[in-house]
Every structure is written in C-alpha cells, then in structure tokens.
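Quick note: the sequence shown uses this note's numbering, first residue 384, plus one each step.
Reading through the structure tokens given below for one structure.
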Amino acid sequence: IMLAENYAAKRNFTEAESAYMKALALREDADMYARLGNFFRSSNQWAKANTYLEKLVATNPEQSTLALVYKQIGQNFMQLGNSAKMAEFLEKSVAIDRDANTALSLASHFNGAKNYAKVITYSTIVLSSDANNAAARMLRGVAYLQQKNYASARADLERIQNDSTYGAQVQGILKSLPK
C-alpha cells in the first residue's frame with residue numbers, strides 16, 4: 384500500500400495502479416476499497432473509482448461514511464456525464480446527511496430537469512440550515528411559481544428582491560405575479 388501511495392504521490396498512476404492491485408489481491412476489505420476509490424478519483428478514472436466505491440458501500444459502512452461515499456459516487460457520475468446517476472447517488476447521500484451544498488446542487492439539477500417538487504424539497508433542506516441562502520430562495524420561489532403556488536413564490540422571492548445577484552430578476556418576476 385505504501386508503495387502504491389508513493390507512486391500516486393509522484394503521479395505515476397500506472398505503477399500506482401499496479402501496486403494497488405497487488406495489495407488488493409492480498410487484502411480485499413473496506414479500507415482497500417476506500418483507498419482504491421480515492422486513488423482512481425485522484426487520477427480522474429471515475430468509472431473505476433465507482434467500481435471500488437460501490438464495493439465499499441456493499442461492506443455496510445457507518446452512516447457518515449456511507450453518505451460521503453454516495454456523494455463521491457454521484458460526483459464521479461457527474462464527471463462521466465451521467466446526470467441521472469449523479470442525482471440518484473446525491474439523493475442517497477442527502478437522505479443520510481442533509482448537507483446543504485449537496486442539496487443545493489440537487490435543487491439546481493432538478494430545476495434544469497423541470498422537476499419542481501424536488502427543487503422545493505432540496506431548496507427547503509438548504510433553507511433549513513441557511514434561511515438567507517439567496518440561490519435556494521430563488522430556486523424554490525421559481526419552482527413555486529411553476530407550480531402556480533403564487534403565495535409561496537411571492538414569500539420566497541420578496542425575501543431576495545434586494546439581493547445583489549438575483550434582485551433585478553426577482554423584481555421583474557414579482558411584478559408579473561398575479562395578486
């Protein structure tokens with residue numbers, strides 16, 4: 384393992400992978416899967432990283448580790464261009480650990496996918512830990528607007544109408560809302 388890590392530190396990924404595979408043949412366990420997942424992530428080999436991270440999941444790690452591993456798998460799928468799988472694993476992560484940054488990423492993803500119920504769900508998670516998060520307010524306000532829930536849309540959007548990033552856009556939306 385030390386040899387593999389030394390090769391990886393020197394960015395000699397071919398030799399590092401070879402050394403890791405020899406170590407894996409000697410000891411196949413959760414720690415080795417985690418090391419391999421991290422190694423393949425560091426060398427931008429996203430699919431190989433997911434192979435070992437999914438094996439790590441199968442060892443039934445503690446919940447905090449599981450949330451992190453799901454998040455990493457989701458990020459790897461994002462790198463691979465698979466947004467559906469990215470969302471699937473990020474949702475698994477947020478179900479365990481209500482991380483605001485991950486929830487905001489999901490809200491943004493689902494906004495692009497026009498799944499406004501999930502935009503509201505994940506924006507609300509963000510706002511439960513940071514009530515002044517303007518991006519989450521904007522996403523949730525627009526999602527409420529799309530669902531024709533004008534009172535909730537107005538409530539969210541009015542809170543950020545003077546925001547330096549969203550204010551001008553929000554003011555235009557508020558003027559067009561039915562009374």
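Cβ atoms here follow ideal geometry from the backbone N, Cα and C, with glycine treated the same way.
Since the structure is predicted, the reported quantities are computational estimates derived from the model, not experimental observations.
Compute the Euclidean distance between the alpha carbons of A406 and I384, then round it to the nearest angstrom. 6 Å
Short of 6 Å in beta carbon distance, which residues of its chain neighbour L522, apart from the five on each side in sequence? Order them along the chain. A490, N494, V502, S506
Whole-angstrom distance between A534 and K497, CA atom to CA atom: 20 Å
Report whether the distance from the Cβ of Q458 to the nearest heavy atom of the ligand NAP is below 7 Å. Judged by which ligands are present, the structure shown has none, so any question about the ligand NAP falls away.
Apart from the five residues just before and just after A413, which ones in its own chain have a Cβ nearer than 7 Å to its Cβ? L439, T442, P444
Using a threshold of 8 Å, state whether the C-beta atoms of S426 and G457 are closer than that. no
Whole-Å CB distance - V452 paired with L463, under 8 Å assumed: That belief does not hold up - the Cβ atoms of V452 and L463 are roughly 16 Å apart, past 8 Å.
Given D513, which residues of its chain have a CB within under 8 Å of its CB, disregarding the five upstream and five downstream residues? A483, A519
Among residues of its own chain, excluding the 5 on either side of K431, which ones have a beta-carbon nearer than 7 Å to its beta-carbon? F423
Since L540 and G524 should fall inside the 8 Å C-beta cutoff, what is the C-beta to C-beta distance between them, to a whole number of angstroms? 4 Å
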